[in-house]
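Under full-length UniProt numbering, residues 1 to 189 are what the sequence shown spells out, in order. Every residue gets a Cβ at the ideal spot worked out from N, C-alpha and C, and that includes glycine. Bear in mind the structure is a predicted one, so any value in this text is a computation, not a measurement. Presented below is the structure to which this report refers.
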Amino acid sequence: MSDKAANVGDMRQAQQPGEHTRRDFLILAAGALGVVGTGVVLWPLIDSMNPAADVRALSTVDVDLGPIEVGQRVLTTWQGKPIFIDHRTSAEIAEARADDHSPALIDPATDAERVQREDWLVVIGICTHLGCVPLGQRTGEPRGPYHGYFCPCHGSLYDTPDAPVVPTSLRQDRARPDTTIAIERPSSP
1 MSDKAANVGD
11 MRQAQQPGEH
21 TRRDFLILAA
31 GALGVVGTGV
41 VLWPLIDSMN
51 PAADVRALST
61 VDVDLGPIEV
71 GQRVLTTWQG
81 KPIFIDHRTS
91 AEIAEARADD
101 HSPALIDPAT
111 DAERVQREDW
121 LVVIGICTHL
131 GCVPLGQRTG
141 EPRGPYHGYF
151 CPCHGSLYDT
161 PDAPVVPTSL
171 RQDRARPDTT
181 IAIERPSSP
């Protein structure tokens, strides 16, 4: 028995500081395997929090702005909501800028804050009072005295840059979707 005790002691003394043993390798391998295993288990859980493919498909809509003439208003849908696209005339732009600090406007946002490009107004076509769709987007619909949009449900009026106007029950502009107006050249056939 003393021979075995002497051999174990000799092995411990034979190991120099900084040398790696089999035990060190096993500890590192087990730790690495634990990290990889944790990643394999957590990845599906984290990935399940991403939006579904059908939701991602509805998150963007491409509209060809080329055929829309100046002064024309177009209606499209995005995520089931009506979107009003207005190709504004220079007179509408000048009127919107002149009305930026009008006391009749409830929401103090300026025209520059409401649009990405001055000649295009893109807004969600839902009234902020009861959620109905205001008139004034299609030709022949009443636009009210401010030539913007008119909500027949409760009489709210929006001016051309889409700000609610006094007297009205509204206290804010209609929501504007995140828009990117990209100008692309048509590809040659």
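Endpoints, beta strand (DSSP E) assigned at residue i
i, result
"I124", "W120 to I124"
"C151", "Y149 to C151"
"L157", "S156 to Y158"
Secondary structure of residue i, DSSP reduced to three states
i, result
"R73", "strand"
"L42", "helix"
"D86", "strand"
"L135", "strand"
"P167", "Only weak support exists for where P167 lies, its pLDDT of 49 falling under 50; the coordinates are left without a value."
"R117", "strand"
Through-space distance from residue j to residue i, alpha-carbon basis
i, j, result
"D119", "V35", "55 angstroms"
"T60", "C151", "27 angstroms"
"I124", "K81", "7 angstroms"
"G136", "Y149", "5 angstroms"
"F25", "M49", "37 angstroms"
"R22", "G39", "26 angstroms"
"A109", "L33", "56 angstroms"
"V74", "D54", "25 angstroms"
"R56", "R117", "26 angstroms"
"P51", "L42", "17 angstroms"
"H20", "A30", "16 angstroms"
"E141", "Y158", "14 angstroms"
"T139", "S102", "27 angstroms"
Alpha helix (DSSP H) segment containing residue i, residue limits
i, result
"D54", "A53 to L58"
"E113", "D111 to R114"
Check whether residue i and residue j have beta carbons under 9 angstroms apart
i, j, result
"I85", "V115", "no"
"Q72", "L58", "no"
"S90", "C127", "no"
"L130", "H154", "yes"
"D111", "I83", "no"
"R88", "V70", "yes"
9 angstroms Cβ cutoff, residue i in contact with chain B
i, result
"G66", "Here chain B cannot be found, since the structure has a single protein chain."
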